[in-house]
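One structure is given below, encoded as structure tokens.
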Amino acid sequence: MKILVVEDDENSRLLQHYILDSAGYEVISAENGKDGLLLAESNIPDLIISDILMPVMDGYSLCREIRKNKKLYHIPFIFYTATYTSDKDKKLALDLGATKFIIKPMDPMEFLKNVKETLADNIQSLNHLNEKSPLELETEYSSVLASKLEKKVSILEEKQKELELSEQKYRRLVEVLHENYFFYAYDSNGTLTYISPSFTNVLGYTKEDGMLGIMKYLTDNPINKEALKKFELNLRGVRQSQYEVEMYHKNGSVRFLELTEHPVISNKSLKVEQIEGIAHDITERKLIESEKAKLQESLRRIEKNQALGTLASGISHDFNNILMCIIGYTEMLQLNLPKNLKWHSYIEQILSASKRASDLLKQILSFSRRTEQEKRPLKLQPIINEALELLRGSMPRTIEIQNYIDKHSPPVMADPTQIYEILINLCTNAYHAMREKGGILKVILSTKKIEPNQDYYDIKPGSYVCIEVIDNGCGIEKNIQDRIFEPYFTTKPKGEGTGIGLAVVNGIVQNHNGYIKFYSEPQKGTKFYIYFPIAELDCKEEKSNSEDLHLKKGKGEHILVIDDDVNTVRILKDMIVQLNYRVTCKTNSLEALSIFKSESSKFDLVMTDFSMPNIDGITLSKELLKVRSNIPIILCTSFNEIINEENTKEIGIYKYLMKPVTLRTLSHELSLILF
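Taken in order, the sequence shown gives residues 8 to 682; the numbers are from the numbering used here.
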């Protein structure tokens with residue numbers, strides 16, 4: 008059987024065609040009532056299914072014309088609509104001669120059931136035809152049509168308002184995006200076909216400049232190569248995720264853009280017709296991300312330094328106990344061996360190395376804990392000589408070290424360990440600058456006077472001791488010279504430099520009220536100048552390790568020594584006996600407290616370690632003072648942020664000594680307390 012489908016919506020028409028065709032019906036179709044009427048006259052169907060609201064001729068008019076046509080009036084007619092759905096609409100449809108009135112959408116099986124029923128009941132469906140006069144039908148039709156037109160107009164007005172609101176939102180959005188976004192389009196050949204005016208705001212170039220091709224503004228950043236690959240894939244229809252490019256602004260600065268692209272595919276050829284894209288300037292975001300990364304890296308390094316400090320604090324106790332044994336026994340060898348033996352020079356080297364090891368540990372603790380170091384009037388000549396002696400042994404022969412030391416340069420207020428650190432850092436940097444081709448490293452110590460009328464950098468007028476470290480290596484590039492003192496900034500390959508060397512040097516110099524200046528030329532070399540104010544106090548020359556110790560000996564006084572380390576107890580016992588004192592040693596603090604409680608009167612002084620199991624040195628001292636309030640106590644420690652000389656005195660402790668304790672120090676402190 009043949010069925011005519013009259014429907015202006017293509018998708019709905021095709022769907023009905025498919026359902027009816029699948030059920031075995033022959034289907035013909037038209038887009039409006041006029042074409043449907045002509046098709047019905049030329050190819051008479053067995054059933055007509057029509058929408059109501061259509062252009063040219065609506066469904067009501069088609070139904071009326073069918074019923075007036077002598078060739079067609081008998082054909083069953085179904086209205087299938089989604090627009091005219093009220094009871095009034097249905098009544099008019101049936102009055103005009105419709106066989107059925109069904110509402111979209113309908114289940115396909117239910118739809119076919121209605122079709123079959125209509126074809127079966129064809130004769131009965133004509134009974135209602137012409138029950139009303141043509142005038143009545145025309146009036147009813149006009150009323151329904153007017154109602155639907157009013158409703159349609161109302162819907163169109165609402166849609167128009169929505170469209171206007173949407174346009175306003177879009178306009179506001181474009182205004183907001185004006186500063187940071189621009190739109191663009193490429194054809195299938197990769198030729199730029201459109202670029203929005205906001206391109207000028209983002210990159211500074213005119214729209215005309217941009218239309219000549221924006222790819223020419225790409226930098227040589229490797230990310231741009233990956234970006235071009237993604238662009239090519241988009242042209243081939245393989246849609247890519249957002250990607251970034253780096254481009255030059257007209258003012259020479261570099262801008263980061265985030266591109267979001269959409270390939271437009273042709274419905275006919277299924278090929279890419281064009282690429283539509285939006286570019287977002289994310290430079291500020293990238294800068295924030297970069298700063299955040301730097302802060303995170305800085306935090307990571309701070310945490311690393313704190314971990315180093317914790318580790319250093321932990322090992323300092325054991326390390327200083329070891330040094331105490333080395334120094335103590337070496338000093339006693341020096342004291343008891345004949346002075347003319349050649350072994351004395353070896354002993355001197357052992358003591359010097361041990362002192363350097365002790366200073367090095369203090370330096371590590373100082374750096375990690377940021378503790379204030381003790382400054383004293385200090386001559387720099389011996390420190391420079393010692394540092395250069397160490398460097399000569401560690402540098403290759405391709406580096407020649409020359410030193411010009413003024414023997415008469417006055418002292419400065421300084422910490423010797425930190426001065427040593429300055430020299431090692433600067434000389435090591437100089438070596439790295441010359442290691443490929445070799446060169447000359449010069450270290451100069453001199454005295455300079457800056458006059459009030461002399462414009463010499465920003466250094467205040469006065470007298471200074473100046474250290475110069477000069478190399479003829481690769482030099483420092485001009486564009487990074489302003490950054491060399493920044494913490495963690497380094498030009499060395501990963502794993503070779505930490506970026507803290509010059510930052511530490513700069514910090515030490517400032518802490519000593521000094522000045523650091525430099526001059527560098529690429530491929531010619533670098534000169535560093537460090538100025539320290541001359542000390543107003545006289546410098547006390549440090550005694551040589553080989554000099555007579557002048558030990559003050561006791562008169563048999565009794566000393567109680569408490570330390571949990573057996574080797575430390577042993578060396579302290581030997582040193583105290585060497586100084587003509589009697590000694591009782593304990594490695595258990597609770598046991599020592601018990602002995603003191605029972606025999607406190609026989610002890611003249613107590614010497615205790617701080618860090619011990621059971622009870623620490625502070626707690627032990629408090630308990631000892633409860634037993635005998637006038638007992639002199641010396642507290643020994645390696646490194647501790649909790650205790651210092653001030654708060655130990657508040658407790659009642661006579662003296663606070665840092666390990667390793669030398670024989671000379673022990674002799675001096677015991678004589679001060681007991682004599």
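We treat Cβ as the ideally placed atom computed from N, Cα and C, and that holds for glycine. In this text, all values refer to a predicted model and were calculated from it rather than measured experimentally.
Helix, strand or coil at residue i [DSSP, three-state]
i	result
Val279	strand
Phe86	strand
Cys70	helix
Ala394	helix
Ala105	coil
Pro62	coil
Gln409	strand
Gly43	helix
Ser323	helix
Leu677	helix
Gly284	strand
Pro389	helix
Glu251	strand
Ser618	coil
Arg490	helix
Residues of its chain near residue i, where Cβ-Cβ distance is below 7 Å and the 5 sequence neighbours each way are ignored
i	result
Gly469	Ile457 and Pro540
Glu38	Asp15
Lys609	His565
Ser596	Ile569, Met619, Asn621, Ile622 and Leu627
Sequence-distant residues of its chain with Cβ nearer than 8 Å to residue i (five each side left out)
i	result
Ser674	Leu556, Leu558, Lys559, Lys560 and Leu586
Gly563	Asn587, Tyr588 and Arg589
Buried versus exposed, by CB contacts within 10 Å (16 or more), residue i
i	result
Ala421	buried
Asn651	exposed
Arg307	exposed
Arg74	buried
Lys369	buried
Lys467	exposed
Asn683	Any property of residue 683 remains undetermined from this structure, which presents the chain solely from 8 to 682.
Asp572	buried
His415	exposed
Tyr25	exposed
Gln341	buried
Pro389	exposed
Met254	buried
Gln313	exposed
Pro403	exposed
Glu117	exposed
Tyr463	exposed
Pro270	buried
Asp102	buried
Residues near residue i by beta carbon distance below 6 Å, same chain, minus five either side
i	result
Tyr32	Met8 and Ile10
Pro417	Ile541
Tyr411	Ile451
Ala234	Tyr250 and Val252
Ile334	Ser361, Pro667 and Thr669
Ala286	Phe189, Leu264 and Leu266
Ile692	For the chain, the structure presents residues 8 to 682; residue 692 sits outside this window and is missing.
Asn18	none
Lys97	Phe108
Asn574	Cys332
Lys593	Ile569 and Ala599
Leu679	none
Val110	Reading off the sequence, residue 110 comes out as Ile, not Val. These residues qualify, in order along the chain: Thr92.
Lys257	Gly211 and Tyr212
Leu133	Legend: pLDDT at Leu133 = 47, less than 50; position of this residue unreliable, value from coordinates given subsequently. Excluding sequence neighbours, Leu133 sits near nothing in its chain.
For residue i: DSSP bridge partner residues
i	result
Tyr25	According to DSSP, Tyr25 bridges with nothing at all.
Ile230	The partner list for Ile230 (beta bridge, DSSP) is empty, contrary to what the question assumes.
Pro540	Tyr471
Val476	Val450 and Phe535
Pro384	Met420
Val590	Ile566
Phe189	Ala286
His269	Glu283
Are there three or more Cβ pairs, one per stretch, closer than 8 Å when the stretch 269 to 277 is compared with the stretch 292 to 302? no
The stretch 568 to 583 in contact with the stretch 445 to 459 per 3-pair CB rule at 8 Å: no
Determine contact between the stretch 358 to 365 and the stretch 437 to 449, defined as no fewer than three beta-carbon pairs at a distance below 8 Å. Short answer: they don't touch.
With three or more C-beta pairs closer than 8 Å as the rule, is the stretch 515 to 532 touching the stretch 477 to 493? With a cut-off of 8 Å, the stretch 515 to 532 and the stretch 477 to 493 count as touching, because enough Cβ pairs lie within range.
Contact the stretch 250 to 263 vs the stretch 218 to 228: 3+ CB pairs below 8 Å: yes
Under 8 Å: do the stretch 413 to 433 and the stretch 506 to 524 share three or more Cβ pairs, one atom per stretch? yes
Does the stretch 61 to 72 come into contact with the stretch 34 to 48, if we say contact requires no fewer than three beta-carbon pairs (one atom in each stretch) closer than 8 Å? yes
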